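Engineer: I have a structure I would like to understand better, so I am pasting it below and will then ask my questions one at a time.
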Amino acid sequence: MKHYYISGRKGLYQLISDFIRGVTVEFEVAPGIFSYEEVDKGTKLLIEYAEIPDEGVVLDIGCGYGAIGITIAKVNPRLRVYMVDINKEAVKLAKRNAKRNRVEDRVVVLHGDLYEPVKGLKFRAIYTNPPLAAGMDTVLRIIEEAPQHLEKGGTLQVVIRKGAETVKKAMERTFGNVTKLVSKWGYRVFLSRST
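Counted the way this note's numbering counts, the sequence shown spans residues 102 to 296.
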């Protein structure tokens, strides 16, 4: 995994690359954005084990610099991917990374709070490595508000380390079902399906 630096308007951006779920991805990252030295293990685990629809529209919520949404867009060229983050710098990086990975024609990056920027849209799948730094209330909102943004049969897929039991119970309570897709390195990936 090679690192080198490129000059940006606000200083230095770092470039990281990885091979995840059969595709090579490259991301511009910056200090202050989650997991800027490498794609973190939880995010990679979610991508590797995610249930990815054959076609349709999916959402990466709390997208950061775009690791989940952009990799899924590369894995399946028939998907349209929306990505949302509240951090303006992350949104800027995610847009540049969509271009860098040549998926910008199918990736829409929006700035805003959780589901606010995608109000009225329905998705086949919602993916998140939730922003634990924002607090468990924010994580629970992602879970509890997900059903109104999912198509029938659509899924919410979450990777979590700290607070896994709380997240699992919230998904069970909200959807009436929850499946553990994988447990590794202290992380768990959960899936709930909208009925």
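Don't be surprised by glycine CBs; every beta carbon is placed ideally from N, CA and C.
Source: prediction; values computed, not measured.
Check whether the Cβ atoms of L175 and V130 lie closer than 8 Å to each other.
Structural biologist: The sequence given here places Lys at residue 175; Leu does not occur at that position. It is not a contact, given that the beta carbons lie outside the stated cut-off.
Engineer: Around the Cβ of F120, are there at least 16 other Cβ atoms within 10 angstroms (buried) or fewer (exposed)?
Structural biologist: Exposed, by the Cβ-count rule.
Engineer: Take the Cβ of S284 as the centre, count every other Cβ of all protein chains shown within 10 Å, and call the residue buried at 16 or more, exposed below.
Structural biologist: Its Cβ having fewer than 16 others within 10 Å, S284 is exposed.
Engineer: In three-state DSSP terms, what is V140?
Structural biologist: Of the three classes helix, strand and coil, the one that applies to V140 here is coil, per DSSP.
Engineer: Would you say W286 reaches chain C, if we count a Cβ-Cβ gap shorter than 8 Å as a contact?
Structural biologist: Looking at the structure shown, chain C is missing, and only one protein chain is on hand.
Engineer: Where does A131 fall in DSSP's three states?
Structural biologist: In this structure, A131 counts as coil in the three-state DSSP scheme.
Engineer: Can you tell which of T144, S295, A151 and I187 has the C-alpha that lies nearest to the C-alpha of T239?
Structural biologist: Here the closest residue by C-alpha is I187.
Engineer: Is DSSP giving I121 helix, strand or coil here?
Structural biologist: Strand.
Engineer: Which one of L113, H250, L146 and G213 has the shortest CA to CA distance from F224?
Structural biologist: F224 has its Cα closest to that of H250, out of L113, H250, L146 and G213.
Engineer: Within a Cβ cutoff of 6 Å, which residues of the same chain sit near K257, ignoring the five residues on either side of it in sequence?
Structural biologist: The residue asked about is misnamed: residue 257 is Leu in this sequence, not Lys. Closer than 6 Å at the Cβ level, and outside the excluded window around L257, lie I227, A247 and S293.
Engineer: Can you give me the C-alpha to C-alpha distance between T296 and R274, rounded to a whole angstrom?
Structural biologist: Answer to the nearest angstrom: the Cα atoms are 13 Å apart.
Engineer: Give me whichever residues DSSP pairs with L146 in a beta bridge.
Structural biologist: Paired residue(s): none; L146 is not in a bridge.
Engineer: Which residue from M237, V124 and E217 puts its Cα closest to that of R203?
Structural biologist: It is V124.
Engineer: Specify the secondary structure class of I243 as computed by DSSP and reduced to three states.
Structural biologist: Helix at I243.
Engineer: For A234, count the other beta carbons within 10 Å of its own beta carbon; 16 or more makes it buried, fewer makes it exposed. Which is it?
Structural biologist: Its Cβ having fewer than 16 others within 10 Å, A234 is exposed.
Engineer: Excluding the 5 residues flanking K103 on each side, which residues of the same chain have their C-beta closer than 7 Å to its C-beta?
Structural biologist: Low per-residue confidence applies at K103: pLDDT is 36, beneath 50, and the placement is therefore not dependable, though the value from the model is reported in the following sentence. The answer, listed in chain order, is S118.
Engineer: Taking the alpha carbon of A195 as the reference point, which residue from V290, V268, F135 and R122 has its own alpha carbon closest?
Structural biologist: Looking at the Cα atoms, F135 is the closest of the given residues.
Engineer: In its own chain, which residues sit with a C-beta less than 8 Å from the C-beta of V182, not counting the 5 before and 5 after it?
Structural biologist: For V182, where only same-chain residues beyond five positions count, the Cβ hits under 8 Å are V158, V159, L160, D161, G170, I171, I173, A174, V204, R207, V208 and V209.
Engineer: For the beta strand (DSSP E) containing I227, name the first residue and the last one.
Structural biologist: Start and end: F224 to T229.
Engineer: Can you name the start and end residues of the beta strand (DSSP E) that T275 belongs to?
Structural biologist: That residue, T275, is in no beta strand (DSSP E); its alpha helix (DSSP H) goes A265 to F276.
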